[in-house]
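Following: one structure in structure tokens, then a few remarks.
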Amino acid sequence: MIEKSSRLQNDDKNATIYTSMANLSSEPYKGTRDFYPEDMRVREYIFGTWRTVVRRYGYEAYDAPLLEPLEVYAAKSGNELVNEQTYQFTDRGDRRVAIRPEMTPTVSRMIAARRQELAYPARWYSIAQFMRYERPQRGREREFWQLNVDIFGADGASAEAEIITLGVDLLKAFNATPDMYVVRINNRKLINYMMAHYLGLDTVQAQLMIKLFDRKGKISNEDFRDQAIEIFGDNASDGLQKIAQLLAAKSMADLPEGLRDSDAVQEVQALFTELERAGVTNAVFDITLMRGLDYYTGTVFEFFDTHPENNRSLFGGGRYDGLVGLFGADPLSAVGMAPGYTMVELFLRTHTLLPDMTSMTDVYVVVLPGAERGARDLAIKLRGEGINTELDITGRKADKQLKTAIKKSIPYILFVGENELETEVYPLKTVATGDEQKVAFERIVTILGDRRRGRANEDDEIFAVDL
657 MIEKSSRLQN DDKNATIYTS MANLSSEPYK GTRDFYPEDM RVREYIFGTW
707 RTVVRRYGYE AYDAPLLEPL EVYAAKSGNE LVNEQTYQFT DRGDRRVAIR
757 PEMTPTVSRM IAARRQELAY PARWYSIAQF MRYERPQRGR EREFWQLNVD
807 IFGADGASAE AEIITLGVDL LKAFNATPDM YVVRINNRKL INYMMAHYLG
857 LDTVQAQLMI KLFDRKGKIS NEDFRDQAIE IFGDNASDGL QKIAQLLAAK
907 SMADLPEGLR DSDAVQEVQA LFTELERAGV TNAVFDITLM RGLDYYTGTV
957 FEFFDTHPEN NRSLFGGGRY DGLVGLFGAD PLSAVGMAPG YTMVELFLRT
1007 HTLLPDMTSM TDVYVVVLPG AERGARDLAI KLRGEGINTE LDITGRKADK
1057 QLKTAIKKSI PYILFVGENE LETEVYPLKT VATGDEQKVA FERIVTILGD
1107 RRRGRANEDD EIFAVDL
């Protein structure tokens, strides 16, 4: 009887599921997005630019599983990320796993697994997909893509300067100019020294204050003050005065004397010297920059958009020397950053830096009546010459085929009829200008090949960064 009741309940559940499927929504899951062909053109352009620039610095591609044991993130990423933002579940083997919310713990695990085999400095990059359960908003989604760039086994300011300079060159490759963004720099050693010795906070208070500083740009001044008072407790009056002095400091020279003379400030100064030598002119010191993830151990930085319509952090990174050692290997220095696709796309759109995106298909073959077989053979020959060719196979009237090619943003249209096949001369239409010329097969290949090479040359000009 119990077994029958259970079976009936399952049948009811299945019936409910099947009923709901009859009215499925065409919208994607909240916080994710569909990438239609026109969206993929932009994404592939951005991804392609990323790959070109990082490879010129000698970085090698890697990849990793989408799922990780939950403890990989619990060790150092921070409670907020693990407890509030990860998509986590227990798998069929009773293991707690998470869809990766970031790549830094994963790449550290991979480096640790072959700690003795790798050549250092190890320069690695990936373009990967992630998920975080957080409130979707402009520039922030639950499913997102990032470029992850890391250098392992390089101590000192030179490694940090390389990563920051690489970030500058990534934006330069999109034709961004230094006035469009600013690079904000701080140091977690300085932050820790400031919290313990200047503000006089214990470990718990310091962690709370770091989180508060990290949210400063997202809350009102009154909320910041009230939360700071709660953290300070009995010493709130003196603490608020010291925070006011910190916020007034626009450079390291403006810091209170007790901080200005610390070893951490010397590290920051060394980094600025390296950046100046690399030609980075828009880097500034920002004592309020925290970078909330727990694994940072030294330099932290953020690229910040200066446009009033998108005045926000674009991406950031920093030094995290202790993470590899958590996986049972000898400690290893590391610096990295992670530009996100959505924020870079918003930056490019805000500053009107995105080029016009046409289809990756070079030519659309419009087939006139009676030429179906010959048009097919011609398309095969064009593809054999490396020309991306779409052949109309619908049998529709020519005007409808023409509209399809234009709607797909295909730059050239080739008309093939019985007469064209007999003379081996074909009308080739340039969609952008409306110009039409009659050309032989070899000339078609030359024109479309020159277009392809011209696009590659334009890319080379875009990617001509100063290394």
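According to my numbering, the stretch in the sequence shown is residues 657 to 1123, in order.
We put the beta carbon where it would ideally sit given N, CA and C, even for glycine.
Taking only runs of the beta strand (DSSP E) that begin and end inside the stretch 969 to 1031, which ones reach a length of at least 3 residues, in chain order?
If we require 3 residues or more, the beta strand (DSSP E) runs fully inside the stretch 969 to 1031 come out as 969 to 975, 990 to 993 and 1019 to 1023.
Rounded to whole angstroms, what is the Cα-Cα separation between residue 957 and residue 801?
So the two alpha carbons sit approximately 20 Å from each other.
Selected residue, minimal CA-CA separation from residue 796, among 1002, 878, 772 and 1081:
Nearest option by C-alpha distance: 1002.
So, are the CB atoms of residue 978 and residue 867 less than 8 Å apart?
No, they are not a contact pair.
Alpha carbon of residue 1058 to alpha carbon of residue 1064, nearest angstrom
Pairing residue 1058 with residue 1064, the inter-Cα distance amounts to about 10 Å.
Which class does residue 692 belong to by DSSP, given the choice of helix, strand or coil?
Per DSSP, reduced to three states, the secondary structure at residue 692 is coil, with no helix or strand assignment.
Same chain, Cβ closer than 6 Å to residue 764, neighbours up to 5 away in sequence not counted
Excluding positions up to five away in sequence, the list reads 979 and 980.
Spatial neighbours of residue 768 within its chain, please: C-beta separation below 7 Å, excluding the five flanking residues on both sides.
Sequence-distant partners of residue 768 (beyond 5 residues in either direction) whose C-beta falls short of 7 Å from its own C-beta, in its chain, are 980, 983, 984 and 985.
From this set, 976, 688, 878 and 936, which residue's C-alpha is nearest residue 807's C-alpha?
Here the closest residue by C-alpha is 976.
Nonlocal neighbours in the same chain, by C-beta distance under 7 Å from residue 751, ignoring five residues either side:
Closer than 7 Å at Cβ, skipping near neighbours: 725.
Would the stretch 1023 to 1034 count as touching the stretch 1069 to 1080 if we require 3 or more Cβ pairs under 8 Å?
By the C-beta criterion, the stretch 1023 to 1034 is judged to be in contact with the stretch 1069 to 1080, since at least 3 inter-stretch pairs fall below 8 Å.
Could you tell me the boundaries of the beta strand (DSSP E) in which residue 782 lies?
Per DSSP, residue 782 belongs to the beta strand (DSSP E) from 778 to 787.
Note the first and the last residue of the continuous alpha helix (DSSP H) segment covering residue 949.
DSSP places residue 949 outside any alpha helix (DSSP H), giving it a letter other than H or E.
Assigned secondary structure, residue 1117 (DSSP; H/G/I helix, E/B strand, else coil):
The predicted position of residue 1117 is uncertain, since its pLDDT is 45 and thus under 50; a value taken from the coordinates is nonetheless stated next. DSSP places residue 1117 in the helix class (H, G or I) of the three-state scheme.
Distance, Cα to Cα, residue 841 vs residue 943?
The alpha-carbon separation between residue 841 and residue 943 amounts to approximately 8 Å.
Contacting residues, own chain, Cβ-Cβ under 8 Å from residue 851 (five flanking each side not counted):
Around residue 851, the same chain offers 857, 861, 862, 865 and 866 as residues with beta carbons nearer than 8 Å, after the five sequence neighbours per side are excluded.
Put residue 698 into one of helix, strand or coil per three-state DSSP.
Residue 698: helix per DSSP, three-state reduction.
Here's a check: name, in chain order, each residue in its chain whose Cβ is nearer than 7 Å to the Cβ of residue 689, leaving out the five neighbours to either side.
So the list reads 797, once near-sequence residues are dropped.
Alpha-carbon spacing of residue 884 relative to residue 759, whole angstroms
Approximately 32 Å, taken between the alpha carbons.
Straight-line gap, residue 894 to residue 879 (C-alpha atoms, nearest Å):
Residue 894 and residue 879: Cα-Cα distance of roughly 18 Å.
Complete alpha helix (DSSP H) runs within the stretch 867 to 949 (minimum length 4 residues, chain order)
Those alpha helix (DSSP H) runs which fall completely within the stretch 867 to 949 and span 4+ residues are 877 to 888, 892 to 904, 913 to 916 and 919 to 933.
Starting from residue 1068, follow its DSSP beta bridges and name the residues at the other end.
Paired residues: 1019 and 1086.
From residue 748 to residue 727, what does the alpha carbon distance come to, in whole angstroms?
Their Cα atoms are separated by approximately 17 Å.
Anyone know if the C-beta pair for residue 804 and residue 994 falls short of 8 Å?
Yes, the Cβ-Cβ distance between residue 804 and residue 994 is below 8 Å.
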